[in-house]
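To keep things clear, I will list the structure first and then write my remarks on it.
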Amino acid sequence: MAPDKERHTPFLTSLIAGGMAGTTVDLALFPIDTLKTRLQSPQGFVAAGGFRGVYRGIMAAAAGSSPGAALFFGTYETMKPFMILILKTFAIART
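Per this note's numbering, residue 9 is the first one in the sequence shown, and the count goes up by one each step.
Here's what the structure looks like:
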C-alpha cells in the first residue's frame, strides 16, 4: 500500500464494531462496578445487597451503551480522514 493511500473503515463496520465493543465492556465490567458501588455504600456492603443480584439491570446498561459506543466509533472513523487531511494541509501532522 502506498504511504499516501490510507485505508478507511466503512461507516457500517464502525457502527457494528462500536456497538459490540460497548456491549462487551458493559457485560464484562457491570458486575465489578456494581460491587464497587455497594462497597462504597454508607449503609454497608451487606445491607446494600452484597453479592446478590450483581447482574440485575445489566440489560438496560448494555442497551444504553451500545448505541452510544456505535455512534462514537462511527463518527470517529468517519471524521478521521478529514482531520488527517486538515492536519497535513496545515503541516501540523508528523509524517
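Note that beta-carbon positions come from the ideal geometry of N, C-alpha and C, so glycine has one too.
Determine the burial state of residue i: buried for a count of at least 16 other Cβ atoms within 10 Å of its Cβ, exposed for fewer.
{"i": "R46", "result": "buried"}
{"i": "L23", "result": "buried"}
{"i": "T21", "result": "exposed"}
{"i": "A77", "result": "buried"}
{"i": "G30", "result": "buried"}
Please classify residue i: does DSSP put it in a helix, a strand, or coil?
{"i": "F59", "result": "coil"}
{"i": "F81", "result": "helix"}
{"i": "F98", "result": "coil"}
Once you ignore the five residues that flank residue i on each side, which residues in its own chain have a CB closer than 6 angstroms to its CB?
{"i": "I66", "result": "F38"}
{"i": "D55", "result": "According to the sequence as given, residue 55 is Ala; it is not Asp. Nothing meets the Cβ criterion."}
In chain order, what residues of the same chain lie with their CB nearer than 7 angstroms to the CB of residue i, ignoring the 5 residues before and after it?
{"i": "G82", "result": "F19, S22, L23 and G26"}
Which residues in the same chain have their Cβ closer than 8 angstroms to the Cβ of residue i, if we skip the five residues on either side of it in sequence?
{"i": "A69", "result": "D34 and F38"}
{"i": "H16", "result": "E85, K88 and P89"}
{"i": "F59", "result": "L43"}
Would you say the beta carbon of residue i comes nearer than 7 angstroms to a heavy atom of the ligand ADP?
{"i": "G76", "result": "Of the ligands one can find in the structure shown there are none, so the ligand ADP has no counterpart to examine."}
Which ranges would you report for the beta strand (DSSP E) in the segment 11-79 if only whole runs of at least 3 residues count?
none
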